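Asks:
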Amino acid sequence: MAKMTIGLGSGCIDKLTSLGVILSGAAADDMDVDVFVLLNAGGAFLKNKTTDYSFAGQQTAEEFQKALEAINSPGWIEFFEMAKEMTNVKVYMCSLAGKIVGGEKKEDFIDLVDDLCGIGEYITSTQEADVNLFI
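With positions in the sequence shown counted from 1, the corresponding number in my numbering is that position plus 199.
Right, here's the structure in full:
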């Protein structure tokens, strides 16, 4: 089985949704996927996060959300959940990212997060993966 490692460095809703779509494709190909949530992306995974996500494109995050809803597309969390149900997807919060956004332990984050880890685990995962992406 092929393995993909993804470093997620952005918590913008378009990047989160893009990653969700990629996870769906990887799940359809029955790949193992390790996602490492790094630095600014950590805030999107906090349990008490509000929905005021930023957006890297020209439209606003709210406009992007409405466009997804208009075409009955899942949101990024639903994409992640579906992929995790279909294949071996693990989401790791970098402990530094967690501390930066105020999360010290796994319980501080939404249920998508499987564990906290150091950057060394991300590096090792990239060395072992068939496909490496950074979003």
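Where is the CB? At the ideal position from N, CA and C, for every residue including glycine.
Since the model is a prediction, treat every value here as computed from it, not as a measurement.
Quick check: Asp310 and Gly297, are their CB atoms within less than 8 angstroms of each other?
Replies: To locate residue 310, count along the sequence shown from 1; it is residue 111. To locate residue 297, count along the sequence shown from 1; it is residue 98. Contact: no.
Asks: Within its chain, find whatever has a CB closer than 8 angstroms to the CB of Ala282; leave out the 5 residues flanking it on each side and keep chain order.
Replies: Reading the sequence shown from its first residue, position 83 is the one you call residue 282. Here the set comprises Gly219, Leu222, Ser223, Ala225, Ala226, Val232 and Val288.
Asks: Under three-state DSSP, which class holds Val300?
Replies: The residue you call residue 300 lines up with position 101 of the sequence shown. It is coil, neither helix nor strand.
Asks: With a cut-off of 8 angstroms, does the C-beta of Asn247 fall near any C-beta of chain C?
Replies: Checking the listed chains, one finds no chain C in this structure; it contains a single protein chain.
Asks: Output needed for Val300: all residues of its chain with C-beta closer than 7 angstroms, excluding positions within five of it in sequence on either side, in chain order.
Replies: Position 101 of the sequence shown holds residue 300. Answer for Val300: Gly241, Gly242 and Leu245, listed in chain order.
Asks: For the region 274-327, list the alpha helix (DSSP H) runs that are entirely contained and at least 4 residues long, ordered along the chain.
Replies: Segments of the alpha helix (DSSP H) lying fully in the region 274-327: 275-285, 294-299 and 318-327.
Asks: Within this structure, are the beta carbons of Leu315 and Met292 separated by less than 8 angstroms?
Replies: Position 116 of the sequence shown holds residue 315. Position 93 of the sequence shown holds residue 292. The answer is yes: Cβ separation under 8 angstroms.
Asks: Could you tell me which of Val330, Met230 and Tyr321 sits nearest to Glu284, measuring between CA atoms?
Replies: For the purposes of this step, residue 284 is taken as residue 85 along the sequence shown, with counting starting at 1. Answer by Cα proximity: Met230.
Asks: The alpha helix (DSSP H) that contains Leu215, what's its start and end?
Replies: Indexing the sequence shown from 1 puts residue 215 at position 16. Here the alpha helix (DSSP H) through Leu215 covers Ile212 to Ala227.
Asks: Quick check: does the Cβ of Asp228 come within less than 7 angstroms of any heavy atom belonging to the ligand HEM?
Replies: Among the components modelled here there is no ligand, and therefore nothing to report on the ligand HEM.
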